[in-house]
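Student: Protein chains in written order, with the numbering used here: chain W, 1 to 336; chain P, 1001 to 1185. Take a look at the following structure, please.
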């Protein structure tokens, strides 16, 4: 039974309006801040159908046959890129991948130029990752082609946000009243931002638990100004973990640490590592997720990463289903 | 819109019993038979057929449900896009006699999509098609093996099947624009 069917039967037949494809309003997927609850529910419902395909021997359907999907990554990535490419291939589309990491592509104009080239090659959907916040948005403004943001700087990573919430939902069912704790480098985390926007309508409370130096000045005011009443900041990990249902340690972005934002990695481990002892403070059966790649032994201990509470591998599998759903919904967007 | 009832609840029951008998006759019993209903209303019809056969032959008949959205030939046009639902066929269909069940048989395009979907799941010995209503106007060379009722229709008419599991009522109706002179045969 799919999540939506379960919800239907719980609510009594016919009391919920059927999900309609008409509630999908996006040509691009840039961030979750402009996603309605209906759209997120629609993505999840379709992802349920995709999960079934992933369980088959023959993981291939002909839905997007003849469509071409390009991944253009200006930053290293393994799982996001592989996940998008597999999603496209399982749906029958052809994929082109452009490795922009090593090329000397400069920002600004030339980003647009290389994207225009892809458009001229009749690519249907471009999946882009870029170190600059807003890069995907600029691309969407300049191109006719549909754009999916696979991470732009510290701004957004919408497919990750969706797969995180989807993973929570599949595990916990109704999410209202649940408490999520996001630990670590909030300042640089696009995953945290997309999760904050995505969870808005689910009745979850989100506690951000960064070291004081790894969060922007004025973050609380910004949260308030955006009307995100479900989010608060708590710097002490033990206090943040009280009664938590969902715990997500973020990767300590070591490449950014020479800038002196934390005294030492050792001190970070002492104060912020999620280990079995700390996990006891959370609710029994609390789930642990990680957006990957993990620094095992830094933000998360080995025992927790591979323990019974960990859904880290399910996140990766669900990621393919979520991306298949997004590609299905986006395809044909050019005609809009 | 005027609505004319083609089959009422008792008619549907009788039709399904007759089709169940035909299926058993054609396949010389219920051995190796599995049912796969096409979503949405083919599924409850498949379940009812399986139940009737179970009560006659005293064997368990597996029933699956098939979502054909991803196999449609009109996906790229936005106006025809549908919400993908879950396919649930929790048994191996290889070397089975698969009875595909749908409510209304029209252009044949959904059946074509269903055949593609089924062959992705395995290699059945045979696939047979059972439909409650055949309204004609085929666009592909596909025919049904078991038909509840043949209803010659015009393109501008709409046939709707209601099943109690989904719609709280059992009936098959034809919907026609008011003032339409075309009479049903």
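Note that the Cβ used here is the ideal one computed from N, Cα and C, for glycine as well.
Run the CB neighbour count on residue 1029 (chain P), radius 10 Å, all protein chains shown included, and call it buried at 16 or more, exposed below.
Tutor: Per the 10 Å Cβ criterion, exposed.
Student: Measuring CA to CA, which of P:1168, P:1140, P:1022, P:1120 is closest to residue 52 (chain W)?
Tutor: Among P:1168, P:1140, P:1022, P:1120, the Cα nearest to that of residue 52 (chain W) belongs to P:1120.
Student: Cβ of residue 1071 (chain P) less than 8 Å from any chain W Cβ?
Tutor: So yes, residue 1071 (chain P) belongs to the interface.
Student: Report all residues from its chain with a CB closer than 7 Å to the CB of residue 1019 (chain P); omit the five preceding and five following residues, and keep chain order.
Tutor: Counting only Cβ-Cβ distances below 7 Å, and skipping sequence neighbours, we find 1049, 1130, 1146, 1148.
Student: Ordered along the chain, which non-local residues of its own chain (more than five positions away) have a Cβ less than 8 Å from that of residue 305 (chain W)?
Tutor: Here the set comprises 288, 290, 294, 296, 312.
Student: Going along chain P in order, which residues have a C-beta closer than 9 Å to the C-beta of residue 268 (chain W)?
Tutor: Chain P residues near residue 268 (chain W): none, gap ~43 Å exceeds 9 Å.
Student: Are residue 1099 (chain P) and residue 1118 (chain P) touching if we call contact CB-CB under 8 Å?
Tutor: Going by C-beta atoms, residue 1099 (chain P) is not nearer than 8 Å to residue 1118 (chain P).
Student: Whole angstroms is fine: what's the gap from residue 1057 (chain P)'s alpha carbon to residue 315 (chain W)'s?
Tutor: Using only the alpha carbons, I get a separation of about 45 Å.
Student: Give the DSSP-derived three-state secondary structure of residue 259 (chain W) in the structure shown.
Tutor: The answer is helix: DSSP assigns residue 259 (chain W) an H, G or I state.
Student: With DSSP as the reference, please indicate the residues paired to residue 1058 (chain P) in a beta bridge.
Tutor: According to DSSP, residue 1058 (chain P) bridges with nothing at all.
Student: Taking the alpha helix (DSSP H) that residue 171 (chain W) falls in, what are its first and last residues?
Tutor: That run of the alpha helix (DSSP H) goes 158 to 172.
Student: Quick one, are the C-beta atoms of residue 326 (chain W) and residue 77 (chain W) less than 8 Å apart?
Tutor: No, these two residues do not count as a Cβ contact at 8 Å.
Student: Against residue 1086 (chain P), what residues of chain W qualify as contacts under a CB-to-CB distance less than 7 Å, listed in chain order?
Tutor: Correct list: 2, 48, 49, 52.
Student: Should the stretch 225 to 244 of chain W be called in touch with the stretch 176 to 187 of chain W, which here means at least 3 C-beta pairs below 8 Å?
Tutor: Contact between the stretch 225 to 244 of chain W and the stretch 176 to 187 of chain W is present, because at least three Cβ pairs lie under 8 Å.
Student: Checking 8 Å against the spacing of the C-beta atoms, do residue 1195 (chain P) and residue 62 (chain W) come in under that value?
Tutor: Since the displayed chain P opens at 1001 and closes at 1185, residue 1195 (chain P) lies outside it and no answer follows.
Student: By the criterion of Cβ-Cβ separation under 7 Å, what are the contact partners of residue 346 (chain W) in chain P?
Tutor: Examination of residue 346 (chain W) is not possible in this model, given that chain W is present from 1 through 336 alone.
Student: Distance, Cα to Cα, residue 1108 (chain P) vs residue 1173 (chain P)?
Tutor: Cα to Cα, residue 1108 (chain P) sits roughly 20 Å from residue 1173 (chain P).
Student: Please state the DSSP three-state secondary structure of residue 245 (chain W).
Tutor: Coil at residue 245 (chain W), not helix or strand.
Student: Just reading off the alpha helix (DSSP H) that residue 1154 (chain P) is part of, what are its end residues?
Tutor: That residue, residue 1154 (chain P), is in no alpha helix (DSSP H); it is neither H nor E in DSSP.
Student: Quick one: give me the first and last residue of the beta strand (DSSP E) that residue 51 (chain W) is part of.
Tutor: Element bounds for residue 51 (chain W): not the beta strand (DSSP E) but the alpha helix (DSSP H), 37 to 54.
Student: When the distance is taken between beta carbons, is residue 324 (chain W) closer than 8 Å to residue 87 (chain W)?
Tutor: Yes.
Student: Would the beta-carbon of residue 187 (chain W) fall within 8 Å of that of residue 214 (chain W)?
Tutor: In contact: residue 187 (chain W) and residue 214 (chain W) (Cβ atoms closer than 8 Å).
Student: Got a sec, what are the start and stop residues for the beta strand (DSSP E) residue 1105 (chain P) sits in?
Tutor: From DSSP, the beta strand (DSSP E) with residue 1105 (chain P) extends over 1097 to 1105.
Student: Quick one: Cα of residue 226 (chain W) to Cα of residue 93 (chain W), how far?
Tutor: Whole-angstrom Cα-Cα distance: 38 Å.
Student: Which residue or residues does DSSP assign as beta-bridge partners of residue 1191 (chain P)?
Tutor: What the structure shows of chain P is the stretch from 1001 to 1185, and residue 1191 (chain P) is not part of that stretch, so it cannot be assessed.
Student: May I ask you to list the residues that DSSP assigns as paired with residue 179 (chain W)?
Tutor: According to DSSP, residue 179 (chain W) bridges with W:205.
Student: Tell me whether residue 1009 (chain P) sits in a helix, a strand or coil according to DSSP, three-state version.
Tutor: Here residue 1009 (chain P) sits in helix by DSSP.
Student: Label residue 276 (chain W) either buried or exposed according to how many other C-beta atoms from any shown protein chain fall within 10 Å of its C-beta, with 16 as the threshold for buried.
Tutor: Result: exposed.
Student: Where residue 74 (chain W) and residue 19 (chain W) are concerned, what is the direct C-alpha to C-alpha distance, given to the nearest angstrom?
Tutor: Going from the Cα of residue 74 (chain W) to the Cα of residue 19 (chain W) covers about 36 Å.
Student: Consult DSSP for residue 319 (chain W) and reduce its assignment to one of helix, strand or coil.
Tutor: Here residue 319 (chain W) sits in helix by DSSP.
Student: Along chain W, in chain order, which residues have C-beta atoms closer than 9 Å to that of residue 1081 (chain P)?
Tutor: Here the neighbours are 21, 24, 328, 329, 331, 332.
Student: Just mark residue 1004 (chain P) as buried or exposed, buried being the case when its beta carbon has 16 or more other beta carbons within 10 Å.
Tutor: Exposed.
Student: Comparing C-alpha positions only, which one of W:126, W:98, W:132 sits nearest to residue 140 (chain W)?
Tutor: Out of W:126, W:98, W:132, W:126 has the C-alpha closest to the C-alpha of residue 140 (chain W).
Student: Along chain P, which residues have their Cβ under 7 Å away from the Cβ of residue 170 (chain W)?
Tutor: Within chain P, no residue comes near residue 170 (chain W); the closest Cβ sits about 13 Å away, beyond 7 Å.
Student: Can you pull the chain P residues whose beta carbon is under 8 Å from the beta carbon of residue 42 (chain W), in chain order?
Tutor: The contacting residues are 1083.
Student: Using a Cβ-Cβ cutoff of less than 6 Å, which residues in the same chain neighbour residue 1105 (chain P) once the five nearest sequence positions on both sides are dropped?
Tutor: So the list reads 1131, 1134, 1144, once near-sequence residues are dropped.
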